[in-house]
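Asker: Sharing a structure here in structure tokens format.
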Amino acid sequence: MSDAEVVSESDPFAGTSDLDRKRTIGRIFVGLCAASALVGIVALVVLIADVLYQSWGWVTWEFLTYPPSQFAESYLPGGRGAGIYPALVGSIFLIALTALFTIVLGVGAAVYLEEYASEGRLTAFIEANIANLAGVPSIVYGLLGLAIFVRAMQLGSSLLAGALTLTLLILPIVIVASQEAIRAVPDSQRHAAYGVGATDWEVIRDVVLPSALPGIMTGTILSLSRAIGETAPLIMVGAATSMFVPPDSPLGPFAAMPMQIFDWATMPDATFQHVAAAGIVVLLTVLLAMNATAVYIRHRFETEL
Amino acid sequence: MTAADLTRDASGIDGAKQRAIRGIFFACAFLSVLTTLGIVVVLLEGSVDFFRDVSFVAFLTGTEWSPLIEPREYGVLPLVWGTLVITVGSAMIAIPVGTATAIYLSEYAEPRVRSTIKPILEILAGIPTIVYGFFALSFITPQLQRFLPYDIGTFNAAAGAIVVGIMIIPMVSSLSEDAMHAVPDDLREAAYGLGATRFEVSTGVVLPASLSGILASYVLALSRAIGETMAVTLAAGMAPQFTTSPFEPIQTMTAYMVQVGISDVSIGSVGYQSLFAVGMTLFVMTLGMNLCSLWIRSRYREEYR
Amino acid sequence: MSDDTSMNETPTIETHTEAKSTDDRSPASEADADVAGMDDQSIGEETVIEARDLSVFYGDERALQPVNVEIPDRQVTAIIGPSGCGKSTFLRSINRMNDMIDVARVDGELLFRDTNVYGEAVDPVALRRAIGMVFQKPNPFPKSIYDNVAYGLRIQGKDDDLDEQVESALRRAALWDEVSDRLGESALDMSGGQQQRLCIARAIAPDPEVILMDEPASALDPVATSQIEDLIEELARDYTVVIVTHNMQQAARISDKTMVFLTGGELVEFGDTSRIFENPDNQRVEDYITGKFG
Chain A
48 MSDAEVVSES DPFAGTSDLD RKRTIGRIFV GLCAASALVG IVALVVLIAD VLYQSWGWVT
108 WEFLTYPPSQ FAESYLPGGR GAGIYPALVG SIFLIALTAL FTIVLGVGAA VYLEEYASEG
168 RLTAFIEANI ANLAGVPSIV YGLLGLAIFV RAMQLGSSLL AGALTLTLLI LPIVIVASQE
228 AIRAVPDSQR HAAYGVGATD WEVIRDVVLP SALPGIMTGT ILSLSRAIGE TAPLIMVGAA
288 TSMFVPPDSP LGPFAAMPMQ IFDWATMPDA TFQHVAAAGI VVLLTVLLAM NATAVYIRHR
348 FETEL
Chain B
10 MTAADLTRDA SGIDGAKQRA IRGIFFACAF LSVLTTLGIV VVLLEGSVDF FRDVSFVAFL
70 TGTEWSPLIE PREYGVLPLV WGTLVITVGS AMIAIPVGTA TAIYLSEYAE PRVRSTIKPI
130 LEILAGIPTI VYGFFALSFI TPQLQRFLPY DIGTFNAAAG AIVVGIMIIP MVSSLSEDAM
190 HAVPDDLREA AYGLGATRFE VSTGVVLPAS LSGILASYVL ALSRAIGETM AVTLAAGMAP
250 QFTTSPFEPI QTMTAYMVQV GISDVSIGSV GYQSLFAVGM TLFVMTLGMN LCSLWIRSRY
310 REEYR
Chain C
7 MSDDTSMNET PTIETHTEAK STDDRSPASE ADADVAGMDD QSIGEETVIE ARDLSVFYGD
67 ERALQPVNVE IPDRQVTAII GPSGCGKSTF LRSINRMNDM IDVARVDGEL LFRDTNVYGE
127 AVDPVALRRA IGMVFQKPNP FPKSIYDNVA YGLRIQGKDD DLDEQVESAL RRAALWDEVS
187 DRLGESALDM SGGQQQRLCI ARAIAPDPEV ILMDEPASAL DPVATSQIED LIEELARDYT
247 VVIVTHNMQQ AARISDKTMV FLTGGELVEF GDTSRIFENP DNQRVEDYIT GKFG
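Chain order of the listed sequences is A, B and C.
In this text, residue positions in the first sequence follow our numbering: the first is 48, and each later residue adds one.
In this text, residue positions in the second sequence follow our numbering: the first is 10, and each later residue adds one.
In this text, residue positions in the third sequence follow our numbering: the first is 7, and each later residue adds one.
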């Protein structure tokens, strides 16, 4: 009855009375979406808070400079002193070796794909292959490392075997990041060098790599910061869960921080939860430093150009 | 200047050197193909050894998994079940939350909010998985025990599924947002022009138009959940069993591999070889999903060309 | 479109200044195999570059109809024509810069001092050391002024007396007086015109025989353009210069010979610049030069 009256008054917005309802639905929907976006942030905050809370008072100078101990009380301030030192050093050596291999191989592969390869089937195959490798679970790389480096090449469960395994793991990411950096080098720069009679290699060495270096370094450091937290591949190659001395040679045994944290986290004594948390604080700090370096390099060279 | 100066031999440019350099770069790129080949060969070789002792049918259909202790049983289904529970459970968290986050970031958030949330999600994606495992053990399980009226053990599937779910939120949200971002603005404007609300545009236009990209992100994230190792090992335990209760311990394929990795299984034993059979199963599953994701995305690319 | 008020000192008849020609609207070109005016080359001029039925394809598409031409020593040869007519394609086929495009393919012969540069034994790198190139946009390396000029000398192993050679190249490029006191500064801090003269210095430093220029002044202001033009005329004393330009007045001002490409990658006319601009043989060339199309 009243509906008919509304229509007869020729209201220009007649028939839009459902808009209020729609607006309510819209508001609820936005609320849900915004809340979802907060889930990740809240999770991160809670995770960091939990780690900091658990480790409070346990990250001491002794923790950084002493080898691990079987007794939880050794880690306490005023205790005999125990910590993450061998694993911290082991992780740094491991990442340094991995960086060396990754940069050479990753940049080499990216240079081939961007500067030499013509757009043929082989190139498409190699690129599809790299994309697929990026999705292979890290523990499978561990099996590869175990069978090839540890056993077939008889490197044993050494620092070198661990570094080679991690290299294969992060190579796909480093290659793709380096390709992007190389692609961003303007062609006019290449042409300038070719125009004065430079060979392919001279163009790469003098023009392409210097320009692409910041991008390559950023991508590589970010990949390495992924590698430093990897645990599963190291377990498979048989890295020690806990060592009392840092590695003394590339062919010697080693412990790495994630392995040591895993060891602490699985200790029956609940006190070791705090030790594990302290280890995580050290690991995350190293990771943060690496990421900050990458961001700094990117920022510095972006503003320069 | 004589004509002979232009020839390779007389120009002083070392053609052999140029070819050698090209060859080195090619070798770097080809290493990725060798890596894939290596993974396949290593897994196949180990599996072949394994299936000399264990029947293929018993492996795929058996419902008991106990390769390390008597009575030995080699049915992989409990491990597959465990993996499935984690994958489905994490999907129930990551898919709705990740998709809603993507919608919020792509359709609603102001640039400043976007540029704050995105890096935070990237940090979430960069946290090592061992840290997530610790988080499950030290925070999530105790909270579940505190708030739920069930008998929840230290190791339980729910905690594993929750942390893996949190872990893959960034993957779903960032890939889905990319897909939504690729939807041309004219489509949105067409709908607004017809008097659609923002909610109707988001759910009725943008979501369907980017559906294949969103689906691809789901598949990729689930593949990641299947291959996830350390978080589920620490959170969900090492008890290979069929259970529908999320509060009981289970064992995933990856967790089993860790179990073998940290135990003193002798090389050449059936337990050692089972590593490769399980690894093969894992590899085939993740490869299949990655290829599926690539296929979905390649179809999607054609839609907006 | 034709603008006769802006005539210049060159005694040409009508010059079309709106040279930034867009797409062509001319009818499809007749299959006119003979290039008009090929015979007005005076006898006694030494030929440096000779194209014999040279065609270039990008994939299945023909970018250059068979070109036959003889480019004389120590003169400026200009290549003009509307956009997309194959001027740059021809220029880049001389020093094999087209090699860098995967789909590019070349038919016929291009002789440099009687050697077919597309012959089996020829190394494109050696070729580019003999034939230098200057590009459309100034492309100095992000290095110092000195290192830019020295780059070609270093990679070609001509690095004795590097300082002297760098100074000489900068003098010949009319840049020395402006930069002699800041050779260590970044080349990127120079003005556009200076950068382009630096690129010319870089190209001539290793003393090539031929210098190819691909619209070298198109990105520059009028003052810088005129400096470059003066420089090109100067360079022709020592070098053979082949220059692509979209600016017909520029071609008329600085070149001795002119090649006119029209649509479809066809070389329609070649000859002395004065004759081409005053009295072209080909009606379509006349239409183009007087601005009736293009």
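For every residue, glycine included, the Cβ atom is placed at its ideal position computed from N, Cα and C.
Under the rule that 16 or more other beta-carbon atoms within 10 Å means buried, what is I75(A), buried or exposed?
Answerer: The residue given as residue 75(A) occupies position 28 in the first sequence. That one is exposed.
Asker: Taking 9 angstroms as the CB-CB limit, is N65(C) close to chain A?
Answerer: Residue numbering aside, residue 65(C) sits at position 59 when the third sequence is read from its first letter. According to the sequence as given, residue 65(C) is Gly; it is not Asn. Not an interface residue.
Asker: Around the C-beta of A231(A), are 16 or more other C-beta atoms found within 10 angstroms, so that it is buried, or is it exposed?
Answerer: Start at 1 with the first residue of the first sequence, and residue 231(A) comes out as number 184. Looking at its Cβ environment, which holds fewer than 16 other Cβ atoms inside 10 Å, A231(A) is exposed.
Asker: Residues of chain B with CB under 8 angstroms from L133(C), in chain order?
Answerer: Here residue 133(C) refers to the residue found at position 127 when the third sequence is read from its first residue. Those within 8 angstroms of L133(C) in chain B are L15.
Asker: Identify whether G242(A) lies in helix, strand or coil by the three-state DSSP scheme.
Answerer: Along the first sequence, read from residue 1 onward, the residue named residue 242(A) stands at position 195. G242(A) falls in the helix class under three-state DSSP.
Asker: Going along the segment 156-169 of chain A in order, which residues come within less than 7 angstroms of chain C, judged by CB to CB distance?
Answerer: Against chain C - using a Cβ distance shorter than 7 angstroms - the residues of the segment 156-169 of chain A are S165 and E166.
Asker: Below 8 angstroms, how does it come out for the segment 256-272 of chain B and the segment 121-135 of chain B: are there three or more Cβ pairs, yes or no?
Answerer: No: fewer than three Cβ pairs fall under 8 angstroms.
Asker: Tell me the start and end of each unbroken alpha helix (DSSP H) in the segment 80-138 of chain B that is at least 4 residues and wholly inside, in chain order.
Answerer: Runs of the alpha helix (DSSP H) inside the segment 80-138 of chain B: 86-112 and 120-135.
Asker: Please report how far the alpha carbon of T163(B) lies from the alpha carbon of T318(A), in whole angstroms.
Answerer: Taking the second sequence and counting its residues from 1, one reaches residue 163(B) at position 154. Taking the first sequence and counting its residues from 1, one reaches residue 318(A) at position 271. Roughly 15 angstroms between the two C-alpha positions.
Asker: Could you check whether the segment 86-101 of chain B touches the segment 68-83 of chain A, counting it as contact only if at least three pairs of C-beta atoms, one from each stretch, sit closer than 8 angstroms?
Answerer: Judged by Cβ distances under 8 angstroms, the segment 86-101 of chain B makes no contact with the segment 68-83 of chain A, as fewer than three pairs qualify.
Asker: What does the alpha-carbon distance come out to for the pair E116(B) and I308(A)?
Answerer: Along the second sequence, one-based indexing puts residue 116(B) at 107. Along the first sequence, one-based indexing puts residue 308(A) at 261. Rounded to whole angstroms, E116(B) to I308(A) spans 41 angstroms at the Cα level.
Asker: The segment 115-130 of chain A: which residues have C-beta closer than 7 angstroms to a C-beta of chain B, in chain order?
Answerer: Taking 7 angstroms as the Cβ-Cβ cut-off against chain B, none of the residues of the segment 115-130 of chain A qualify.
Asker: Quick one: any contact between the segment 164-180 of chain B and the segment 222-242 of chain B, if contact means 3 or more CB pairs under 8 angstroms?
Answerer: A contact exists between the segment 164-180 of chain B and the segment 222-242 of chain B.
Asker: Which residues of chain C have a Cβ atom closer than 9 angstroms to the Cβ of I22(B), listed in chain order?
Answerer: Mapped onto the second sequence, residue 22(B) falls at position 13. Chain C residues near I22(B): D129, V131, A132 and R135.
Asker: Within this structure, are the beta carbons of A279(A) and P300(A) separated by less than 9 angstroms?
Answerer: The residue you call residue 279(A) lines up with position 232 of the first sequence. The residue you call residue 300(A) lines up with position 253 of the first sequence. No, these two residues do not count as a Cβ contact at 9 angstroms.
Asker: Can you tell me whether DSSP reads P261(A) as helix, strand or coil?
Answerer: The residue you call residue 261(A) lines up with position 214 of the first sequence. Looking at P261(A) - three-state DSSP - the assignment turns out to be helix.
Asker: What's the gap between the Cα of L281(A) and the Cα of G189(A)?
Answerer: Translated into positions along the first sequence, residue 281(A) becomes position 234. Translated into positions along the first sequence, residue 189(A) becomes position 142. Distance between the alpha carbons of L281(A) and G189(A): 7 angstroms.
Asker: Indicate the three-state DSSP secondary structure (helix, strand or coil) for M13(C) in the structure shown.
Answerer: Stepping through the third sequence from its first residue, residue 13(C) is reached at position 7. Here the model assigns M13(C) a pLDDT of 40, short of 50, so the residue's position is not dependable, and the following value carries that caveat. Coil at M13(C), not helix or strand.
Asker: In three-state terms, what does DSSP make of V322(A)?
Answerer: If you number the first sequence from 1, residue 322(A) lands on position 275. Helix at V322(A).
Asker: Can you pull the chain C neighbours of H238(A), defined as C-beta to C-beta under 9 angstroms?
Answerer: Within the first sequence, residue 238(A) is the residue found at index 191, counting from 1. What H238(A) touches in chain C: M103, M106, M139, F141 and N145.
Asker: Is there at least one Cβ from chain A nearer than 9 angstroms to I126(B)'s Cβ?
Answerer: For the purposes of this step, residue 126(B) is taken as residue 117 along the second sequence, with counting starting at 1. So yes, I126(B) belongs to the interface.
Asker: Note down, in chain order, every chain A residue with its Cβ under 8 angstroms from the Cβ of Q162(C).
Answerer: Position 156 of the third sequence, counted from the first residue, corresponds to residue 162(C). By Cβ distance, chain A contributes V243 and G244.
Asker: Classify V73(C) as helix, strand or coil using the three-state DSSP reduction.
Answerer: Your numbering for residue 73(C) matches position 67 in the third sequence. Looking at V73(C) - three-state DSSP - the assignment turns out to be strand.
Asker: Apart from the five residues on each side of it in sequence, which residues of its chain come closer than 7 angstroms, Cβ to Cβ, to A323(A)?
Answerer: Taking the first sequence and counting its residues from 1, one reaches residue 323(A) at position 276. Closer than 7 angstroms at the Cβ level, and outside the excluded window around A323(A), lie I308, W311 and A312.
Asker: At a CB-CB cut-off below 8 angstroms, which residues of chain B make contact with P219(A)?
Answerer: Start at 1 with the first residue of the first sequence, and residue 219(A) comes out as number 172. Per Cβ cutoff of 8 angstroms: S41.
Asker: Give the straight-line distance between the Cα atoms of W304(B) and F292(B), rounded to the nearest whole angstrom.
Answerer: To locate residue 304(B), count along the second sequence from 1; it is residue 295. To locate residue 292(B), count along the second sequence from 1; it is residue 283. Approximately 18 angstroms, taken between the alpha carbons.
Asker: Does at least one heavy atom of the ligand FMN sit under 8 angstroms from the Cβ of G128(A)?
Answerer: Among the components modelled here there is no ligand, and therefore nothing to report on the ligand FMN.
Asker: From this set, L194(C), D79(C), V266(C) and I217(C), which residue's C-alpha is nearest N253(C)'s C-alpha?
Answerer: Your numbering for residue 253(C) matches position 247 in the third sequence. Of L194(C), D79(C), V266(C) and I217(C), the residue nearest in Cα terms is V266(C).
Asker: So, is N154(C) buried or exposed, given that buried needs 16 or more other C-beta atoms within 10 angstroms?
Answerer: As a first step, residue 154(C) must be located in the third sequence, where it is residue number 148. It counts as buried.
Asker: If we define contact as Cβ-Cβ less than 9 angstroms, is V250(C) a contact residue for chain B?
Answerer: Sequence index remark: in the third sequence, residue 250(C) carries index 244 (1-based). No, no contact with chain B.
Asker: Whole beta strand (DSSP E) runs in the segment 91-165 of chain C with 3 or more residues, listed along the chain?
Answerer: Correct list: 110-118 and 137-140.
Asker: What is the DSSP secondary structure of W74(B), counted as helix, strand or coil?
Answerer: The residue you call residue 74(B) lines up with position 65 of the second sequence. Looking at W74(B) - three-state DSSP - the assignment turns out to be strand.
Asker: Can you name the residues that DSSP bridges to V247(C)?
Answerer: One-based indexing of the third sequence puts residue 247(C) at position 241. In DSSP, V247(C) forms a bridge with V82(C) and I217(C).
Asker: With burial defined as no fewer than 16 other Cβ atoms inside 10 Å of the residue's Cβ, what is the status of I276(B): buried or exposed?
Answerer: Counted from its first residue, the second sequence places residue 276(B) at position 267. Result: exposed.
Asker: Hey, out of A188(B), T206(B) and P193(B), whose CA is closest to R308(B)'s CA?
Answerer: Residue mapping note: residue 308(B) aligns to position 299 of the second sequence, counting from 1. Nearest option by C-alpha distance: A188(B).
Asker: Identify whether T264(C) lies in helix, strand or coil by the three-state DSSP scheme.
Answerer: Your numbering for residue 264(C) matches position 258 in the third sequence. It is a strand residue.
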